[in-house]
Amino acid sequence: RENFVGHQVLRIQPTNEEQISVLRSLAEKHDLGLDFWTEPVSVTKPVDVRIPFKVLQPIKIFLLENDIQYSIMIQDLQDLLDEEERVMKTRSAQPR
Amino acid sequence: NTDGYDYANYHTLNEINSFIDMLVAENPNLVSKIVIGQSYEGRPLNVLKFSTGANRPGIWIDTGIHSREWVTQASGTWFAKKIVTDYGRDPALTAILNKMDIFLEIVTNPDGYAYTHTSNRMWRKTRKPNSGYSCVGVDPNRNWDAGFGGAGASGYPCSETYRGPYANSESEVKSIVDFVKSHGNLKAFVSIHSYSQMLLYPYGYTSTPCKDQSELHALAKKAITDLASLYGTQYTYGSIINTIYQASGGTIDWTYNQGIKYSYTFELRDTGRYGFALPANQIIPTAQETWLALMAIMQHTYNNPY
């Protein structure tokens with residue numbers, strides 16, 4: 069099973085077209101393994117991206133260097149998926 | 012039976028397929044199952060047909076073509092039960108079903124959905140291998156024959172938005188295309204995704220407004236207003252290219268170009284905290300509010316024959 073330990077989902081808020089362009093160039097770098105849940109299109113739409121643990125720090129530094137604001141939407145994706153699985157198992161064992 | 016089905020929980024593909032069979036068995040005069048094709052890995056592409064007579068115009072609804080969007084397939088299951096529950100009780104739905112058929116494909120990408128339950132919860136695409144690449148799958152919402160290969164889709168098989176080698180290369184897409192063409196009388200087509208809270212109409216591959224834009228825009232506004240009336244969930248709406256981004260090869264651009272005027276695509280709830288791992292306790296609220304918007308679109312379709 070694919071393991072998402074340490075993967076974070078960042079919600080990035082670009083504030084100008086230049087930052088959108090920077091994020092688009094990031095999205096083109098397929099070798100980083102970034103998974104864009106919402107893509108960089110305009111300053112009115114936040115960009116949500118899943119970032120593997122191995123590139124998490126370099127990406128955060130890259131965002132800071134480019135003065136791009138972000139918040140952590142999901143701290144550890146595997147924790148959330150484990151919780152999802154636990155809830156599914158618990159509920160399926162309960163009487164309807 | 013389907014009364015005992017846990018609509019507030021996520022379910023595997025087998026459980027959803029069992030639900031489909033139960034629903035048909037419980038409502039033989041209203042519901043039937045059509046298999047419109049099979050997926051790359053050989054799974055049936057099941058469509059529920061809700062019908063009260065022969066030779067009716069139809070409304071199509073599909074949920075969860077991107078496999079990881081679990082709240083979408085879960086909402087589709089709830090819609091199916093809602094239709095059989097409300098028929099004969101809700102005058103608006105009853106009137107629609109007395110004149111039109113509703114087709115509902117709950118799991119549009121079964122290989123991908125099964126894969127999210129067994130191997131990779133965050134999988135999005137189909138599961139067909141790409142010759143010469145280790146990366147598997149095609150984005151089935153870039154694989155339709157509407158501006159196929161244009162901007163807003165990737166030609167790189169490892170991209171999440173890989174369009175595929177040619178239009179309709181994915182059996183999950185081609186099967187719907189064949190069904191739509193053979194039916195020939197679909198009047199509305201609603202393709203439901205998650206997440207980001209949007210209701211979108213054509214086009215995505217071009218900035219040229221579709222000829223029915225003003226009507227589709229007004230109906231979208233009505234639908235999202237109805238949706239928001241339940242829990243206050245705020246949606247944005249508009250054409251795909253103006254509201255979200257340029258995307259070529261998309262589902263509803265193709266259906267609209269086939270003459271299905273009321274072609275819409277939804278993006279369901281986004282709490283801004285969980286992404287595709289939306290907690291199961293949000294399934295029913297999501298389905299309930301979305302149903303109000305679906306009813307707005309279906310009623311408008313019923314009231315405005317063309």
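Chains as they are written, first to last, in my numbering: chain A, 69 to 164; chain B, 12 to 317. Here a beta-carbon is modelled for each residue, glycine too, at the ideal position from N, C-alpha and C.
What separation, rounded to the nearest whole angstrom, lies between the Cα atoms of residue i and residue j?
{"i": "B/Lys44", "j": "A/Ile127", "result": "48 angstroms"}
{"i": "B/Lys198", "j": "B/Pro68", "result": "7 angstroms"}
{"i": "B/Ile255", "j": "A/Gln81", "result": "15 angstroms"}
{"i": "B/Ala103", "j": "B/Gln310", "result": "7 angstroms"}
{"i": "B/Asn196", "j": "B/Thr312", "result": "12 angstroms"}
{"i": "B/Ala298", "j": "B/Asn141", "result": "35 angstroms"}
{"i": "B/Lys60", "j": "B/Arg54", "result": "19 angstroms"}
{"i": "A/Gln162", "j": "B/Ile76", "result": "30 angstroms"}
{"i": "A/Asn95", "j": "B/Thr23", "result": "Reading off the sequence shown, one finds Ala at residue 95 of chain A, where the question assumed Asn. Between A/Ala95 and B/Thr23, the C-alpha separation is close to 31 angstroms."}
{"i": "B/Asn12", "j": "B/Ser182", "result": "31 angstroms"}
{"i": "B/Phe190", "j": "B/Ser240", "result": "35 angstroms"}
Report yes or no: is there a C-beta of chain A within less than 9 angstroms of the C-beta of residue i?
{"i": "B/Arg132", "result": "yes"}
{"i": "B/Ala320", "result": "With chain B running from 12 to 317 in the structure shown, residue 320 of chain B is simply not present."}
{"i": "B/Tyr206", "result": "yes"}
{"i": "B/Thr119", "result": "no"}
{"i": "B/Ala85", "result": "no"}
{"i": "B/Ala91", "result": "no"}
{"i": "B/Tyr214", "result": "no"}
{"i": "B/Thr129", "result": "yes"}
{"i": "B/Ala164", "result": "no"}
{"i": "B/Ala291", "result": "yes"}
Does residue i come within less than 9 angstroms of chain B when only Cβ atoms are used?
{"i": "A/Lys113", "result": "yes"}
{"i": "A/Leu145", "result": "yes"}
{"i": "A/Leu94", "result": "no"}
{"i": "A/Asp116", "result": "yes"}
{"i": "A/Glu152", "result": "yes"}
{"i": "A/Glu70", "result": "yes"}
Listing by chain order, which chain A residues have their CB less than 7 angstroms from the CB of residue i?
{"i": "B/Asn20", "result": "Met156, Arg159, Ser160"}
At a CB-CB cut-off below 9 angstroms, which residues of chain B make contact with residue i?
{"i": "A/Asp103", "result": "Met133, Arg135, Glu171"}
{"i": "A/Leu78", "result": "Those within 9 angstroms of A/Leu78 in chain B number zero; the least Cβ separation is about 11 angstroms."}
{"i": "A/Glu107", "result": "Thr172, Ile255, Tyr256"}
{"i": "A/Glu85", "result": "Correct list: empty, because the minimum Cβ distance to chain B is about 14 angstroms."}
So residue i contacts chain B; which residues on that side make the cut at Cβ distance below 8 angstroms?
{"i": "A/Ile142", "result": "Arg284, Tyr285, Gly286, Ala288"}
Quickly, what does DSSP pair residue i with across the bridge? List them, please.
{"i": "B/His204", "result": "B/Glu278"}
{"i": "A/Ile142", "result": "A/Val77"}
{"i": "B/Met306", "result": "Partner(s): none; B/Met306 has no beta bridge."}
{"i": "B/Leu34", "result": "For B/Leu34, which the question treats as bridged, DSSP gives no partner whatsoever."}
{"i": "B/Leu59", "result": "B/Lys44, B/Leu115"}
{"i": "A/Gln162", "result": "Bridge partners of A/Gln162: none, in fact."}
In chain B, what lies closer than 7 angstroms to residue i by C-beta?
{"i": "A/Leu148", "result": "Tyr285, Ala288"}
I want to verify the contact list: residues of chain A whose CB lies under 9 angstroms from the CB of residue i, in sequence order.
{"i": "B/Asp17", "result": "Arg159, Ser160, Gln162, Arg164"}
The ligand NAD and residue i: does any heavy atom of the ligand fall closer than 8 angstroms to the residue's C-beta?
{"i": "B/Glu226", "result": "The ligand NAD is absent from the structure shown, which contains no ligand whatsoever."}
For this session: Run through the stretch 212–291 of chain B for me and flag every whole alpha helix (DSSP H) of 4 or more residues, listed as ranges in chain order.
Result: Counting only runs of at least 4 residues, the stretch 212–291 of chain B fully encloses the following alpha helix (DSSP H) elements, listed from N- to C-terminal order: 224–242, 251–254, 262–268.
For this session: Would you mind listing the alpha helix (DSSP H) stretches within the stretch 82–152 of chain B that are 4+ residues and don't spill past its ends, in chain order?
Result: Secondary structure within the stretch 82–152 of chain B: the alpha helix (DSSP H) runs of 4 or more consecutive residues, fully enclosed, are 102–110, 121–129 (chain order).
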